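*Asks:* Per our numbering, residue 3 is the first one in the first sequence, and the count goes up by one each step.
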Amino acid sequence: MTRAAGAPASAPALARDWFDRPATTLARELLGCRFVHAAPDGTVGGLIVETEAYRGPEDRAAHSARGRTPRNAVMFGPPGFMYVYLVYGLHHCLNVVAGPGEKPEAVLIRAIALDEGMEIARARRGPAVPERRLASGPGNVGAALGIDRRHNGLDLLDSPVRVEARDFSPRVIRGPRVGVDYAGAWTARPLRFWIADDPHVSRR
DNA sequence: GTCGGGATCCTCT
DNA sequence: GAGGATCCCGACA
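Shown next, in the form of structure tokens:
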């Protein structure tokens, strides 16, 4: 992956239509896009390098599999919104709601290669954490970017959190998702996507 | 109201 | 590789 060092280039935020497609497609297309959170204590952002697609109600691993609830209601809304939830009572996982239309699909952001606000991320994660692990793994992404349940339901087109178009085409590898052993036939489906040879990917 | 489980991560062995 | 941390959510009574 090649990209100029130093200050990240500014790219236009993506339009609603861009998010309006199945999670499998969106999970691929999000790789290489910049994810940015302009928090009150500073801006942290970087390139998305690892994602997982969670399909509609038929996907037993997806939170939408058991129907609409107060927690997962955002998934049942329009695409381009954030779905944030707490797992294991500790970690906030960050999803982008996909389409098509209001089909309850979403893409989990599993790893980001930070290129902005590294010192802020380190302050949140701890001084001993190596750079490549600052936002590697879904729980770490939430921690590094300062995302929690207060961000659930935010519009990526109109909030301090946004996604910017990518300016290159990464080489993408796909494989089974992580931590969904309970999902029957869906466990082995290759719905996890990552950029080949990127050191920030959580499980290589 | 109660209870069991979970889209994780880190430390220790 | 194993196990603990930690608490919200959803199912059920």
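The beta carbon of each residue, even a glycine, is placed where N, CA and C say it ideally should be. Quick caveat, the model's predicted, so the values are computed rather than measured.
Assess contact between the segment 126 to 137 and the segment 67 to 79, defined as three or more Cβ pairs (one per stretch) separated by less than 8 Å. Is contact present?
*Replies:* Touching, no, given that fewer than three Cβ pairs across the two stretches are closer than 8 Å.
*Asks:* Can you give the Cα-Cα distance for residue 193 and residue 121, rounded to whole angstroms?
*Replies:* One C-alpha to the other measures close to 32 Å.
*Asks:* For the alpha helix (DSSP H) holding residue 113, just list the boundary residues, first then last.
*Replies:* Not the alpha helix (DSSP H): residue 113 falls in the beta strand (DSSP E), residues 108 to 118.
*Asks:* Ignore the nearest five residues each way along the sequence and tell me which others in residue 183's own chain have a CB closer than 8 Å to its CB.
*Replies:* Cβ neighbours of residue 183 beyond the five flanking positions: 189.
*Asks:* If you count every other CB in all the chains shown that lies within 10 Å of the CB of residue 186, and 16 or more means buried, which is it?
*Replies:* So residue 186 ends up on the exposed side.
*Asks:* Considering only their Cβ atoms, is the gap separating residue 81 from residue 111 smaller than 8 Å?
*Replies:* The answer is no: Cβ separation not under 8 Å.
*Asks:* Using the Cα positions of residue 8 and residue 191, report the straight-line distance between them to the nearest angstrom.
*Replies:* At residue 8, the pLDDT of 48 sits below 50, so the modelled position is not reliable; the number obtained from the coordinates is stated separately. For residue 8 and residue 191, the distance between alpha carbons rounds to 38 Å.
*Asks:* Please classify residue 142: does DSSP put it in a helix, a strand, or coil?
*Replies:* The answer is helix: DSSP assigns residue 142 an H, G or I state.
*Asks:* In chain order, which continuous runs of the beta strand (DSSP E) of length 3 or greater are located wholly inside the segment 40 to 90?
*Replies:* Within the segment 40 to 90, the complete beta strand (DSSP E) runs of at least 3 residues are 44 to 56, 84 to 89.
*Asks:* Pull the bridge partners of residue 197 from the DSSP assignment, please.
*Replies:* Per DSSP, 174.
*Asks:* Could you spell out where the beta strand (DSSP E) holding residue 158 opens and where it closes?
*Replies:* Residue 158 -> no beta strand (DSSP E), and no H or E assigned at all.
*Asks:* Give me the Cβ distance between residue 166 and residue 67, rounded to the nearest whole Å; I'm assuming they're in contact under 8 Å.
*Replies:* No, residue 166 and residue 67 are not in contact; Cβ-Cβ is about 31 Å, not under 8 Å.
*Asks:* When the Cα of residue 92 is compared with those of 78, 143, 43, which residue comes out closest?
*Replies:* Checking every option, the nearest Cα to that of residue 92 belongs to 143.
*Asks:* For residue 36, which beta-bridge partners are listed by DSSP?
*Replies:* 49, 166.
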